[in-house]
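The block underneath contains the structure these notes are about, expressed in structure tokens.
Written out as structure tokens, the structure is:
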């Protein structure tokens, strides 16, 4: 162990540059801020996962016999709020994006390091408020805060939770602003837009969505809080307000928010597919532009959440056809990733297993999105478990699989150590199997007609619910394992070296862990992204 | 508006070509390669921030448009309760403050330290005048029982319209209040900038903090230019 | 065709087959693409697995032909699905003209239904087969959503706004009725049963109903008098307010110059917010009844105004209307049989 310590002190890097609490809490280094975020989002993930577990235990039996209805309502609400606002939205941009964006651009840091640190503090203030609201019992409105229930009827700390969401929004706005400016202004010489790694493209598209959509959520939540505190009537029909207006404003943010969650994961998948096939991503520009297309179209489809909310049939039709169009760029991505494997040199290491899993789960998640965009079908499954299953396939099957894959891929870069490959594969398989067992039955439940947010349910739904809960246990183990072995690997893992995967990309051209200012020699780029034939010295054996 | 934040041709010395070797040690942050890059980055950042702000107010404007369309009569009634004289004076004050701000930016870009300080002070004064007038307007609404949710007096209005007029006042207070908060933040930044300007911290090479603040100030001004006709001039053509 | 197959809900309405057909197509399409992707991934992962540590991939990484192909084909499929889905959607949201009209109110946490003959039900709904049923709905407090999986239909109930849902049951039986929009503590308890009966059984049920309330239109007429509406709204005309005879379902000329069709929402708004849509030629003198009339009584008043409308053309619209019955009156004819039954009781 002392040898390990000695070895670590040989080369200065961002981890050993300074020690002490202050050197972390006041750091302006994007890599350290990424680790601060890593710790905090993991904490919130654990909290959200515990809520999910309690919900699944309650649903083992048709009767509401494990917790009371009020408790159950608070559990699923806080599960949603914590997972969406405090885990899924920040997780990839704030952890992996923060760490990698400057590295991938060949920059010394993000454009505004102080704003970057500020965004973490804003996130922590929001998070603390969220935790305080939890101690107060948590809200029971569902994460969607629909009035007039949220404004006049709920007896839970809705205002606190909405305030936490409001503040968390500013944290993502600050990160997004930083990313946009960094991508525009901080690229290394020679790194033109079409030489950028696809992860950068997806972070850029994500940042644009965050910048333009989050403020709408912020002002909507402000109106909601004012209404609740002062009984103003903006959304209250008894005072002339319109509760459906809230739904429009809410989904104007919250539908793009789905793309805020999934786009960065798509970017990671592009990186992983290239690295573990040792091949340029198939149709690079189509994949890049599809990210932008999703960002733009994502703003025009919010009304598909309102097919049965008394929106006019004309509006519904318009939103339906626009939603159908979003399927196209997503399909283009899936086809291009699959084609990348063709004649690649395909490795089956852990990150690639997550890619395989992602391709399967995201395909199902995306296709069931087409189900829901089909208006005549949506009427039946709207607000049922079909919807629950669909968005978990996207958010967990997509975002979380992408995140875990990326975390394993870049863990050697972040910590300088390799994770144990055997345990990595075991947990990837557990996550995939557990996930499908948890959520596939919910599609059937939804079509059978089980509404979501039900504390007690009709007895004929029990078998599928028991299957789902069983799957959740497997899934839980699949999540717990990486938390253990990744931490273990930070100290005891094999030393990684600068480029353990023989991957291309600027982040692999600096040491692991990187020095404080990322590169000893400022990089100059003279080649395309994923140029595996140029990398290294001498002839490469090309896969047949 | 864009032009205000950018150097005016001819007047600006060729600082943009200053070689990096000059190492503006106190000014250039370590992670930028050049002052140009730093300046471009912060300008773009400010524009992105303004875009974000536009969306923020956009939510309120959407709510306003929806309800104005639904309840034109009530919005008419509500609008007639506003003091058009005070609103008009405030519009003039704010436009003047935009002018003084533009002059401050010009002074910074041309290295006129004393002029810069005076224009910043003038801008702050005008901003304060705006807020004081706004305070008297709010106080008047309070005395007339027009504050929604708190002391709103529906008896002022024809039967059935009171609730919708209250909705108008909700939006009036939300929109002008949100605008006033932005003014207060702007005034706060001015309080920090004025001593810095007096000490000569802003130079021809390092004028962009003033330029960026100018961008912010003009944005807040423009929001008011939309609010004034929407709220005060409704039905007074 | 799905009876006995446990993965399908019961299909008991004319809509169920349409939605199930969409579902089957969607599942088949998804299965095809999922298997295609999965098979390609597995094939490539095995066939091109890495054989030596320093191996790199081939250089096949762009093909315009492929990109266009996998853009056009999905685009065609989703547009096809859009048109099909929209067709089914319009069938689901546009009730046939001959539908029997029921009303429903939702409040935390119960459903209340009322039949045109007056029967009231709580958390239960009895309907005949072979008869389109249209339910006019409103929420009394928060959002709710009426969901009957066996009929594949659902619609939100919004406070302050009427929404409608319609279905035509095909198979006698008892089916779930759920609230699908989260509405607070007992959301999952806001459930009930829909009992579908043959038309004969339904008439028996109507005849033997324990809760023999007055028909909504008649109850509305009583209310109209007891509240004192008739002091201004004199049916024969000449009052301080317009006669409501023959108004319902017809265009009304407003003082603002607009023309508006007098539907249920218009009548409701006129009662609760009188100054909003004043009829041309009259003064806005009517007081508001906001907060004074329950949603159920509003339904009754509307039923009464509607019955006045169906009674024949009023002076405003069609002077000779009694000779030529309005379409709405003709449409209500199939419902007349049970109505007389109920009346005779």
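Protein chains in written order, with this note's numbering: chain A, 1059 to 1602; chain B, 3 to 239; chain C, 52 to 396. Ideal placement from N, C-alpha and C gives every residue a C-beta, glycine not left out.
Secondary structure of residue 375 of chain C, DSSP reduced to three states: Legend: pLDDT at residue 375 of chain C = 37, less than 50; position of this residue unreliable, value from coordinates given subsequently. Residue state, collapsed to three classes: coil.
Could you give the first and the last residue of the continuous beta strand (DSSP E) run that contains residue 1519 of chain A? Counting along the chain, residue 1519 of chain A falls outside any beta strand (DSSP E), and DSSP gives it neither H nor E.
Put residue 172 of chain B into one of helix, strand or coil per three-state DSSP. helix
Between which two residues does the alpha helix (DSSP H) containing residue 405 of chain C stretch? Look at the range of chain C in this structure, 52 to 396, and you will see that residue 405 of chain C is not part of it.
Drop a sphere of 10 angstroms on the beta-carbon of residue 1160 of chain A, count the other beta-carbons inside from all chains shown, and report buried for 16 or more, exposed for fewer. buried
Just to confirm, is the Cβ distance from residue 1102 of chain A to residue 1149 of chain A under 7 Å? no
Helix, strand or coil for residue 215 of chain C per DSSP? strand
Can you name the residues of chain A whose CB is closer than 8 Å to the CB of residue 68 of chain B? 1300 and 1303
Counting only beta-carbon separations shorter than 7 Å, does residue 1548 of chain A have a partner in chain B? no
With a threshold of 7 Å between beta-carbons, can residue 231 of chain B be considered close to chain C, or not? no
Span of the beta strand (DSSP E) holding residue 226 of chain C? 224-230
Residue from A:1470, A:1520 and A:1481 whose Cα sits closest to the Cα of residue 1561 of chain A: A:1470
Using 7 Å as the limit for Cβ to Cβ distance, is residue 284 of chain C near chain B? no
By Cβ distance below 6 Å, which residues in the same chain neighbour residue 1520 of chain A in space, the five residues on each side in sequence not counted? 1120
At which residues does the beta strand (DSSP E) containing residue 221 of chain B begin and terminate? Here residue 221 of chain B belongs to no beta strand (DSSP E); instead the alpha helix (DSSP H) covers 210-229.
Buried or exposed for residue 1403 of chain A, please, with buried defined as at least 16 other CB atoms from any protein chain shown within 10 angstroms of its CB. buried
Contact check, residue 247 of chain C vs residue 180 of chain C under 8 Å by CB: the rounded distance? 6 Å
Within the 7 Å Cβ cut-off, does residue 326 of chain C reach chain B? yes
Rounded to the nearest angstrom, what separates residue 1246 of chain A and residue 1579 of chain A at their Cα positions? 11 Å
Reduced DSSP secondary structure (H/G/I, E/B, other) of residue 154 of chain C: strand
Determine the chain C residues that contact residue 1636 of chain A at a beta-carbon separation under 9 Å, and present them in chain order. For chain A, the structure presents residues 1059 to 1602; residue 1636 of chain A sits outside this window and is missing.
Using a C-beta to C-beta distance shorter than 8 Å, which residues of chain B count as neighbours of residue 293 of chain C? Those within 8 Å of residue 293 of chain C in chain B number zero; the least Cβ separation is about 17 Å.
With a cut-off of 7 Å, does the C-beta of residue 1166 of chain A fall near any C-beta of chain B? yes
Between residue 109 of chain C and residue 1514 of chain A, which are expected to be in contact by the criterion C-beta below 8 Å, what is the C-beta distance as a whole number of angstroms? Between residue 1514 of chain A and residue 109 of chain C the Cβ distance is about 57 Å, and since that is not below 8 Å, they are no contact.
Would you mind giving the Cβ-Cβ distance between residue 1303 of chain A and residue 1293 of chain A, rounded to the nearest angstrom? I have them listed as a contact below 8 Å. 6 Å
In whole angstroms, what is the alpha-carbon distance linking residue 1378 of chain A and residue 1127 of chain A? 35 Å
On a Cα-Cα basis, can you pick out the residue from A:1316, A:1085, A:1279 and A:1532 that is closest to residue 1457 of chain A? A:1316
In the structure shown, what three-state DSSP assignment does residue 1063 of chain A receive? Bear in mind that the predicted position of residue 1063 of chain A carries a pLDDT of just 49, short of 50, making it unreliable; the figure below should be weighed with that in mind. If DSSP states are grouped into helix, strand and coil, residue 1063 of chain A belongs with the helices.
Cβ of residue 222 of chain B less than 7 Å from any chain C Cβ? no
When burial is assigned at 16 or more other CB atoms within 10 Å of the CB, is residue 1335 of chain A buried or exposed? buried
Select from B:61, B:115, B:165 and B:32 the residue whose C-alpha is nearest the C-alpha of residue 199 of chain B. B:115
Meets three-Cβ-pair contact criterion under 8 Å: the stretch 1462-1469 of chain A and the stretch 1335-1346 of chain A: no
Please report the distance separating the alpha-carbon of residue 1592 of chain A from that of residue 105 of chain C. 13 Å
Nearest to residue 1494 of chain A (by Cα), restricted to the options A:1474, A:1522, A:1482 and A:1480: A:1522
Quick check for students: name the residue ranges of the alpha helix (DSSP H) that lie wholly in the stretch 279-346 of chain C, counting only runs of 4 or more. 315-323
Under the DSSP definition of a beta bridge, which residues are partnered with residue 162 of chain C? C:157
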